[in-house]
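Q: Residue numbers (this note's numbering): 30 to 513.
Glycine is no exception: its CB is placed at the ideal position from the N, C-alpha and C atoms.
Please read through the structure below; I'll follow up with questions.
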Ligand code: BG6
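What follows is the structure, given as structure tokens:
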């Protein structure tokens with residue numbers, strides 16, 4: 030634990046993200062003694078709270094969302110580092126209030142980690158405000174860094190504009206664009222699985238893999254977020270960021286080191302190798318009842334589900350289809366990556382007519398039952414028949430260490446100055462460049478009208494038809510028994 034003082038300054042401190050994720054994650058890090066010895070957390074928003082009211086409110090959130098590690102005595106020690114400044118960060122004049130408040134709380138030598146946890150429409154104004162108040166420049170050993178939440182822009186043009194604004198105030202090395210999927214242990218473990226072992230990487234290519242399927246399914250619907258979601262849709266909300274991040278981890282070339290530049294170079298290279306996605310490669314859907322949710326346009330064509338087929342035009346993946354799907358109001362809350370291997374080249378066994386071996390399937394279960402499963406064919410004892418069996422790995426059985434929330438890891442990395450798991454400017458822009466034309470298919474007068482799907486299913490039939498075009502189906506994984 031370093032003794033250099035750090036202040037974590039959360040803009041949008043009264044919002045949902047701070048309440049459910051950021052403060053609970055910081056509390057957990059404190060409980061695990063992973064925060065610097067000399068730290069302060071300062072919440073900023075317009076609401077008129079006292080320090081104590083802010084602490085009380087966050088206590089309740091932390092007791093709910095960090096329930097496992099919560100205890101009253103630890104909270105009291107943590108809360109002594111928690112402060113509040115009521116200010117409107119979109120008003121340049123209010124930065125005087127912020128600076129005066131900080132002077133009362135922190136030492137002059139404190140580094141600053143800013144966290145933009147506000148509506149994305151406010152990013153540019155607040156960043157400009159930080160710049161105008163001269164709060165973005167490192168002061169001797171005291172660094173200044175900024176974490177920017179998703180969505181980073183709504184398309185390539187807005188992302189570029191935002192990057193330009195960011196770069197007038199911060200240098201790229203100070204910028205941490207967050208995608209919380211990169212903070213998930215199981216996502217990071219994809220790289221360990223591939224590159225800390227020798228036996229998987231030799232078969233991790235077009236010679237052995239038939240196709241790869243990535244699913245990020247949710248049971249929840251848009252809930253109270255319809256106002257945001259109806260302008261976003263599943264492609265912006267999940268694909269351009271989270272699902273694409275999983276794809277980069279599973280498909281990228283091995284970086285020379287687990288260091289920010291090396292890792293991010295490979296991710297960018299991968300995204301830039303993806304063949305432009307065509308109309309034919311896309312299936313969308315909307316769950317029944319979406320249009321009657323408060324905040325949704327009555328004639329909305331916003332997709333709440335999408336399935337995509339894409340190809341990566343490089344040596345390793347030539348000809349291997351990647352199928353991606355994500356949606357709301359589905360049968361399961363599950364994120365998984367299935368690698369379906371090719372059939373053996375020659376069959377020496379006498380199979381009955383119509384019988385065939387199932388292909389080997391490797392399932393990387395990202396959440397909720399974190400683990401890895403390998404399905405293979407086995408002889409049924411005492412018969413000449415066969416059936417598939419599974420080799421299972423579950424985190425909960427193999428490790429006593431608990432899987433921490435993604436925000437814990439990412440906040441800690443930003444405090445330590447490790448940007449490896451954060452998006453670089455060129456990565457964000459490449460991701461939008463890939464998705465802009467796909468999103469365009471779902472918007473405007475020519476928009477594909479998404480077929481409705483029943484809640485609690487795995488999406489519209491079109492998603493199955495997308496795979497059927499190449500004679501494939503969405504495969505069941507070993508991740509959850511009851512999955513659809
Ligand atoms: C967010 C999306 O980024 O990710 C939400 O805006 C989505 O719509 C969430 O529900 C999913 O995250 P997780 O970690 O629950 O899979």
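On the criterion of 16 or more Cβ atoms from any shown chain inside 10 Å, does residue 108 qualify as buried, or is it exposed?
A: Along the chain shown, read from residue 1 onward, the residue named residue 108 stands at position 79. Buried is the call here.
Q: Starting from residue 464, trace the alpha helix (DSSP H) in both directions and tell me its first and last residue.
A: As a working mapping, residue 464 is identified with position 435 in the chain shown. Unbroken alpha helix (DSSP H) run through residue 464: 454 to 469.
Q: Which of the three DSSP states, helix, strand or coil, is assigned to residue 228?
A: Against the chain shown, residue 228 aligns to sequence position 199. Coil at residue 228, not helix or strand.
Q: So what's residue 233 in DSSP terms, helix, strand or just coil?
A: Position 204 of the chain shown, counted from the start, is the residue given in the question as residue 233. Looking at residue 233 - three-state DSSP - the assignment turns out to be coil, as it is neither helix nor strand.
Q: Residues bridged to residue 365 by DSSP?
A: One-based indexing of the chain shown puts residue 365 at position 336. DSSP, once it has assigned bridges, lists 244, 394 as partnering residue 365.
Q: Would you tell me roughly how many angstroms separate the C-alpha atoms of residue 53 and residue 213, rounded to the nearest one?
A: Against the chain shown, residue 53 aligns to sequence position 24. Against the chain shown, residue 213 aligns to sequence position 184. If you take the alpha carbons of residue 53 and residue 213, they lie about 16 Å apart.
Q: In this structure, how does DSSP classify residue 80 when only helix, strand and coil are distinguished?
A: Sequence index remark: in the chain shown, residue 80 carries index 51 (1-based). Residue state, collapsed to three classes: helix.
Q: With 7 Å as the threshold, decide whether the Cβ of residue 221 is near any Cβ in chain D.
A: Although the question refers to chain D, the structure presented lacks it and comprises just one protein chain.
Q: Touching or not, the segment 364 to 371 and the segment 235 to 243, by the rule of three or more beta carbon pairs under 8 Å?
A: In short, these stretches touch, since the Cβ pair count reaches three.
Q: In whole angstroms, what separates the C-alpha of residue 230 from that of residue 165?
A: The residue labelled residue 230 in the question sits at position 201 within the chain shown. The residue labelled residue 165 in the question sits at position 136 within the chain shown. If you take the alpha carbons of residue 230 and residue 165, they lie about 43 Å apart.
Q: Is residue 110 helix, strand or coil by DSSP?
A: In the chain shown, counting from the first residue as 1, residue 110 sits at position 81. The answer is coil: DSSP assigns residue 110 none of H, G, I, E or B.
Q: Assign residue 45 to buried or exposed, taking buried as 16 or more other Cβ atoms, counted over all protein chains shown, within 10 Å of its Cβ.
A: Position 16 of the chain shown holds residue 45. Per the 10 Å Cβ criterion, exposed.
Q: Should residue 361 be listed as close to the ligand BG6, given that the test is whether its C-beta is under 6 Å from any heavy atom?
A: Along the chain shown, one-based indexing puts residue 361 at 332. Incorrect: residue 361 has no Cβ contact closer than 6 Å to the ligand BG6.
Q: How big is the Cα-Cα spacing for residue 222 and residue 343?
A: In the chain shown, the residue the question calls residue 222 occupies position 193. In the chain shown, the residue the question calls residue 343 occupies position 314. Straight-line Cα distance between these residues: approximately 22 Å.
Q: Give, in chain order, every unbroken run of the alpha helix (DSSP H) that is at least 4 residues long and sits entirely within the segment 101 to 159.
A: 101 to 108, 123 to 134
Q: Quick check on residue 454: buried or exposed, where buried means 16 or more other Cβ atoms within 10 Å of its Cβ?
A: The residue given as residue 454 occupies position 425 in the chain shown. The residue in question, residue 454, is buried, as its Cβ has 16 or more Cβ neighbours within 10 Å.
Q: Return the first residue and the last residue of the alpha helix (DSSP H) that residue 198 is part of.
A: Here the question's residue 198 lines up with position 169 in the chain shown. 185 to 198 is the extent of the alpha helix (DSSP H) around residue 198.
Q: Indicate whether residue 123 and residue 116 have their beta-carbon atoms separated by less than 7 Å.
A: The residue you call residue 123 lines up with position 94 of the chain shown. The residue you call residue 116 lines up with position 87 of the chain shown. Closer than 7 Å, so yes.
Q: At what residues does the alpha helix (DSSP H) containing residue 4 begin and finish?
A: In this structure the chain extends from 30 to 513, so residue 4 is not present and cannot be described.
Q: Does the ligand BG6 have a heavy atom nearer than 6 Å to the CB of residue 266?
A: As a first step, residue 266 is located in the chain shown; it is residue number 237 there, counting from the start. Indeed, a heavy atom of the ligand BG6 lies less than 6 Å from the Cβ.
Q: Just to check, is the beta-carbon of residue 212 closer than 6 Å to a non-hydrogen atom of the ligand MG?
A: What this structure holds is the ligand BG6, not the ligand MG.
Q: To the nearest angstrom, how far is the alpha carbon of residue 319 from that of residue 507?
A: Start at 1 with the first residue of the chain shown, and residue 319 comes out as number 290. Start at 1 with the first residue of the chain shown, and residue 507 comes out as number 478. Going by the C-alpha atoms only, they are around 31 Å apart.
Q: Going by the CB atoms, is the gap between residue 207 and residue 176 shorter than 7 Å?
A: The sequence position of residue 176 within the chain shown is 147, counting from 1. The sequence position of residue 207 within the chain shown is 178, counting from 1. Contact flag set, yes.
Q: Can you tell me which residues form a DSSP beta bridge with residue 405?
A: Counting from one through the chain shown, the residue named residue 405 turns up at place 376. Answer is 418.
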